[in-house]
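Below is one structure; the comments refer to it alone.
There are 2 protein chains.
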Amino acid sequence: MLFELQAQCATTGARAGILHTPHGPVETPVFMPVGTQATVKGLPQCWLEQDLDAKIILANTYHLFLRPGHELIRELGGLHKFMSWPRAILTDSGGFQVFSLSDLRKISEEGVLFRSHLNGDAHLFTPESTVDVQLAFGSDIMMVLDECLSYPASHAAAQSAMERTVRWARSGYNHFLRRKEETGIRSSLFPIVQGSMFADLRSACANELLELNADGYAIGGLSVGEPRALSLEVVETTAPLLPENRPRYVMGVGMPDELPEYVARGIDMMDCVLPSRNARNGCLFTSAGKVIIKQSRYRNDPAPLDARCGCYTCRTFSRAYLRHLFQAGEILFSTLATLHNVQHYLDTMRQIRQSILLGTFPAYLAAVRAAGSV
Amino acid sequence: MLFELQAQCATTGARAGILHTPHGPVETPVFMPVGTQATVKGLPQCWLEQDLDAKIILANTYHLFLRPGHELIRELGGLHKFMSWPRAILTDSGGFQVFSLSDLRKISEEGVLFRSHLNGDAHLFTPESTVDVQLAFGSDIMMVLDECLSYPASHAAAQSAMERTVRWARSGYNHFLRRKEETGIRSSLFPIVQGSMFADLRSACANELLELNADGYAIGGLSVGEPRALSLEVVETTAPLLPENRPRYVMGVGMPDELPEYVARGIDMMDCVLPSRNARNGCLFTSAGKVIIKQSRYRNDPAPLDARCGCYTCRTFSRAYLRHLFQAGEILFSTLATLHNVQHYLDTMRQIRQSILLGTFPAYLAAVRAAGSV
């Protein structure tokens, strides 16, 4: 998988590039909408492709492994065909959800034993099996199984989890290389740098993982309860340890005003459930800040949600109508709100990318910092 | 409101026409999708207009009166503007929901006193006030307040309710004519023929209401628990009592294979929550009959829901994917399923209309009867 660097900000190191995946090019920096169960909640695929022009989405291995099952998805031609999504898909390893959703998880050197949150069935994820599950999906970018700790964690616990993460990454990556040789698939597998908030562990982890010479690298173990300044600090120290000519992916971030901060620290890829989850809860991101749509001030507000946004929701409906849909618990609210919030995220990333290409990213970042709270 | 009759089936009396509303022409016979709370549940307006090409939808006065309130909708420019729907809207009087949803309703000659199902607040609907509420909406077609009984009802109860319905229709209609003179609006108000399942009462009611010389007439009091053969029988005896040169609307029906049966009895307009409600519950109407999508037979079914349907859902997704979305409780299921079911209803009506224009309706009807259960 070729990563083509197009421009780099001389001041911050922010990068603009193109990641060439088996399902088309992805301009970076990129925000990947989350399609947990093979759907970005509330959004039809045609909107995601045509209106939003998303080039890559993320799906969750844990959820799809449990339902409908990776063998069913393989039988139906893979995840792209199953969900009718012709562009790139990144899947996580399932590890994060095992640690956050499932009961009775038990970690051993072999892998992680867990019970389904749906029906209590026991399953084992190993570094090899999660690769095989993702191969059944046909994901463009797969992630290695890692051990992810919550915050705070002791140095000893973080070191132990990091070392296991490295061992699992090696096993998973070797398994992936064998499968790649057998099948000729063009997918990539990204290792994940762990180490909690400890710079020495992050550094050691990155050094070990570099030996795999992977097509890209992720920074995991963030958005687990730590203060956001700390997440940025960890990324700031970790990103420079990763290869310049490979995409760098921070998993599970962030708020809209954090996107340029991660880009300023050399990050190329991000994902987060915030735009879609907050949309369903009535929290809308606009160019003028957050709109909590249930507030009575919007009761008779004829203005569009965001006059500077070009999405169908903002072109067509008033805040008063959106508030009515929210108050009435209407499905259409989730659809219109998610469309807008995802558009806001993708537009933000497109503006960031454009400013890097034009050499104006430092001014863009300064404006966001002046307006925002980071 | 001009109703232009274009063709009539010599065998059955089925009619094809065009109803010219203030918000555009409506080809009849027509099925009106139900947009209870100013949204057809799950469907974006652009799909309703462009994909489905619906020319008229129905909205519920009771619901919109309670939330967001008719004065708010008036302030925001009326219901068309509020919900961004540029085509025709028919609103009911609210009476049916008062009788089916609200607590503590108390009927008097003045009107019906009821408590909101949302917060228990007391409200009074009168024949005049429900006209005023619908005028605030700016509905193209408004309905008079009627007294609707459940099934079965005694002849005495049905007569009393029918007579009150006639008196309310007169008061409401006179009020409407005064408002029309004051404001110059071009909307229409349709009276509703009641009389439960009694032919003499239906006939007496129709005769009284004809004096109003309204732009159209409805047959109400059906779909209240009676067997479907009886609903058809009541319509068969009532429809011929209504003026030939005005549209005839049967409220609240029906199943897909009933649509041509009502048309065969001289009906021009219908509405029903079935296509949208059943969609959300996983019951899908196809050219080969009902599909209950949760059934395990669809687990790995790569076929489209209905190979003969041209909707986005059928063009794009497999039954296996739709089943997965349903099982996972995903919002997208409701959207895709509703799109399909409404398309199935609208396509059915378009085929019926076309067959009337071509003079082949009797053959169409015979084929439906041979295939179906009516």
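Residue numbers (the numbering used here), protein chains in the order written: chain A, -18 to 355; chain B, -18 to 355.
Glycine residues also receive a C-beta, built at the ideal position from the N, C-alpha and C atoms.
Compare the C-alpha of Gly5 (chain B) against each of B:Val21, B:Asp34, B:Phe314 and name the closest. The shortest C-alpha to C-alpha distance from Gly5 (chain B) to any of B:Val21, B:Asp34, B:Phe314 is the one to B:Asp34.
Arg278 (chain B) burial status per 10 Å Cβ neighbour count (16 or more: buried): Counting C-beta atoms within 10 angstroms of its own C-beta, Arg278 (chain B) has fewer than 16 neighbours from the protein chains shown and is therefore classed as exposed.
Use the C-beta contact count for Leu45 (chain B): other C-beta atoms within 10 angstroms, 16 or more gives buried, fewer gives exposed. With 16 or more Cβ atoms within 10 Å of its Cβ, Leu45 (chain B) is classed as buried.
Label Gln324 (chain B) either buried or exposed according to how many other C-beta atoms from any shown protein chain fall within 10 Å of its C-beta, with 16 as the threshold for buried. With 16 or more other Cβ atoms within 10 Å, it is buried.
Any C-beta of chain B sitting closer than 8 Å to the C-beta of Arg48 (chain A)? Yes, contact with chain B.
Please tell me whether Ala(-3) (chain B) and Gln(-13) (chain B) are closer than 8 Å, where the distance is taken between their beta carbons. It is a contact, given that the beta carbons lie within the stated cut-off.
Thr365 (chain B) touches chain A at which residues, Cβ-Cβ below 9 Å? Nothing in the structure corresponds to residue 365 (chain B), since chain B is present only between -18 and 355.
Do you know offhand how far Gln(-11) (chain A)'s Cα is from Asn226 (chain A)'s? Inter-residue distance for Gln(-11) (chain A) and Asn226 (chain A) is about 12 Å (C-alpha atoms, whole angstroms).
Interface flag, Pro283 (chain B) vs chain A, CB-CB below 8 Å: For Pro283 (chain B), the answer is yes, since a Cβ of chain A falls inside 8 Å of its Cβ.
In chain order, what residues of the same chain have a beta carbon less than 6 Å from the beta carbon of Leu94 (chain B), not counting five sequence neighbours either side? In chain order, Lys87, Leu105 place their CB closer than 6 Å to the CB of Leu94 (chain B), counting only its own chain and leaving out the 5 sequence neighbours on each side.
Strictly by DSSP, which residues pair up with Asp252 (chain A)? The beta-bridge partner set that DSSP reports for Asp252 (chain A) consists of A:Met13.
Buried or exposed: which applies to Arg68 (chain B), given that a residue is buried once 16 or more other Cβ atoms fall within 10 Å of its Cβ? Residue environment analysis places Arg68 (chain B) among the buried positions, since at least 16 neighbouring C-beta atoms fall within 10 angstroms of its C-beta.
Residues of chain B with a CB under 9 Å from the CB of Cys27 (chain A): which are they? Close to Cys27 (chain A), with beta-carbon spacing below 9 Å, are these residues of chain B in chain order: Tyr293, Thr297.
Just checking: is the beta-carbon of Phe63 (chain B) within a distance shorter than 8 Å of some beta-carbon in chain A? For Phe63 (chain B), the answer is yes, since a Cβ of chain A falls inside 8 Å of its Cβ.
Tell me the residue span of the beta strand (DSSP E) that contains Ser169 (chain A). Start and end: 169 to 171.
When you compare the CB of Val355 (chain A) with every CB in chain B, is at least one pair closer than 8 Å? Legend: pLDDT at Val355 (chain A) = 41, less than 50; position of this residue unreliable, value from coordinates given subsequently. By this cut-off, Val355 (chain A) is not an interface position.
Would a check of beta-carbon distances place Gln332 (chain A) closer than 8 Å to chain B? Under the Cβ criterion of 8 Å, Gln332 (chain A) is not counted among the residues facing chain B.
I want to see whether chain B comes within less than 8 Å of Gly23 (chain A), judged by CB atoms only; does it? Taking Cβ atoms only, chain B reaches closer than 8 Å to Gly23 (chain A), which makes this a yes.
Inter-residue spacing [alpha-carbon to alpha-carbon] between Tyr345 (chain A) and Val216 (chain A): CA-CA distance, Tyr345 (chain A) to Val216 (chain A), rounds to 20 Å.
What residue from A:Leu0, A:Thr107, A:Ser169 has the CA that sits closest to Asp127 (chain A)'s CA? Selected option, being the one with the closest Cα: A:Thr107.
Identify the continuous alpha helix (DSSP H) that holds Met64 (chain B) and give its terminal residues. Under the DSSP assignment, Met64 (chain B) falls in the alpha helix (DSSP H) whose first and last residues are 60 to 64.
CA nearest to the CA of Met232 (chain B), picked from B:Ala220, B:Leu203, B:Leu327: When only C-alpha atoms are compared, the closest one is B:Leu203.
Would you kindly report the start and end of the unbroken alpha helix (DSSP H) that includes Cys295 (chain B)? Element bounds for Cys295 (chain B): 293 to 297.
Who are Asp287 (chain B)'s beta bridge partners in DSSP? Beta-bridge pairing links Asp287 (chain B) to no other residue.
Rounding to the nearest angstrom, what Cα-Cα distance links Glu56 (chain A) and Ser120 (chain A) in this structure? Distance between the alpha carbons of Glu56 (chain A) and Ser120 (chain A): 15 Å.
Round the Cβ separation of Ile38 (chain B) and Pro3 (chain B) to the nearest angstrom and send it over; I've been treating them as touching at under 8 Å. Actually they are not in contact, since the Cβ atoms of Ile38 (chain B) and Pro3 (chain B) sit about 14 Å apart, beyond 8 Å.
How should Leu339 (chain A) be labelled, buried or exposed, when 16 other C-beta atoms within 10 angstroms of its C-beta is the threshold for buried? Leu339 (chain A) is classed as exposed because its beta carbon has fewer than 16 other beta carbons within 10 Å across all chains shown.
Terminal residues of the beta strand (DSSP E) in which Asp84 (chain A) lies: Per DSSP, Asp84 (chain A) belongs to the beta strand (DSSP E) from 84 to 88.
CB contact flag (Leu303 (chain B), Leu24 (chain B), <8 Å): At a Cβ-Cβ threshold of 8 Å, Leu303 (chain B) and Leu24 (chain B) do not count as neighbours.
Cα separation between Gly201 (chain A) and Gly235 (chain A)? Rounded to the nearest whole angstrom, the C-alpha separation of Gly201 (chain A) and Gly235 (chain A) is 13 Å.
Using the Cα positions of Leu327 (chain A) and Cys290 (chain A), report the straight-line distance between them to the nearest angstrom. For Leu327 (chain A) and Cys290 (chain A), the distance between alpha carbons rounds to 11 Å.
As assigned by DSSP and simplified to three states, the class of Ala357 (chain A): No answer is possible for residue 357 (chain A): the residues shown for chain A start at -18 and end at 355.
If you reduce the DSSP assignment to three classes, tell me which class Val174 (chain B) lands in. If DSSP states are grouped into helix, strand and coil, Val174 (chain B) belongs with the strands.
Looking at chain B, is there any beta carbon in it that lies within less than 8 Å of the beta carbon of Ala309 (chain A)? By this cut-off, Ala309 (chain A) is an interface position.
Cβ-Cβ distance between Arg96 (chain B) and Leu85 (chain B) below 8 Å: Closer than 8 Å, so yes.
What residues match up with Arg(-4) (chain B) in a beta bridge as DSSP calls it? Listed as beta-bridge partners of Arg(-4) (chain B) by DSSP are B:Gln(-11).
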